[in-house]
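Undergrad:
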Amino acid sequence: MVNLRVVLISILVMFFGMILWMGYYFYFRTDGRGHVLREADSPEAAARGQRTLQRADALINQQQYAPAKALLDSLRDADANPAFFVSTEELEQRFDTLRARSRRDQAAQ
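Numbering (the numbering used here), first residue to last: 4 to 112.
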């Protein structure tokens, strides 16, 4: 029969190991607010993502909001493609800019 003391020590060790792993993951893999940081697999993937974001910026600046929204919507699943990288924060920033400018232009009309 298994000794109760061995079982309790094993559970305690696993619990503390889980706490340490969660602390490591939160400290080194998130931005401190719980959002997981992602990194590009290669510089080429990051460059492709930046070019696409620049196209979206150009569309927003030309007040072509529908094509810009379609382009930004297509980037939501960009992390599924390892040859393409767009940071979640940058994507959220572009969506916020798109919403603010389109509302401002609608209010001006």
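Beta carbons: idealized from backbone N, C-alpha and C, even for Gly.
Using only the alpha-carbon positions, how far apart do Glu93 and Leu11 sit?
TA: Within the sequence shown, the letter at position 90 stands for residue 93. Within the sequence shown, the letter at position 8 stands for residue 11. Using only the alpha carbons, I get a separation of about 47 angstroms.
Undergrad: For Phe88, report the span of its alpha helix (DSSP H) as first-last.
TA: As a first step, residue 88 must be located in the sequence shown, where it is residue number 85. No alpha helix (DSSP H) contains Phe88, which DSSP labels as neither H nor E.
Undergrad: Which residues bound the alpha helix (DSSP H) around Leu56?
TA: Residue mapping note: residue 56 aligns to position 53 of the sequence shown, counting from 1. Residues Pro46 to Asn64.
Undergrad: Can you tell me the Cβ-Cβ gap for Phe88 and Ala49, rounded? I've got them flagged as a contact below 8 angstroms.
TA: One-based indexing of the sequence shown puts residue 88 at position 85. One-based indexing of the sequence shown puts residue 49 at position 46. That belief holds up - the Cβ atoms of Phe88 and Ala49 are roughly 5 angstroms apart, short of 8 angstroms.
Undergrad: What is the residue span of the alpha helix (DSSP H) that Val9 lies within?
TA: For the purposes of this step, residue 9 is taken as the residue at position 6 of the sequence shown. Taken as a continuous stretch (DSSP letters only), the alpha helix (DSSP H) holding Val9 covers Leu7 to Arg32.
Undergrad: Have a look at Val9 and Leu15 and give me their C-alpha separation to the nearest angstrom.
TA: Reading the sequence shown from its first residue, position 6 is the one you call residue 9. Reading the sequence shown from its first residue, position 12 is the one you call residue 15. Taking the straight line from one Cα to the other gives about 10 angstroms.
Undergrad: Would you mind sorting Arg106 into buried or exposed? The rule is 16 or more other CB atoms within 10 Å of its CB.
TA: Start at 1 with the first residue of the sequence shown, and residue 106 comes out as number 103. Classification of Arg106: exposed, given that the 10 Å Cβ count is below 16.
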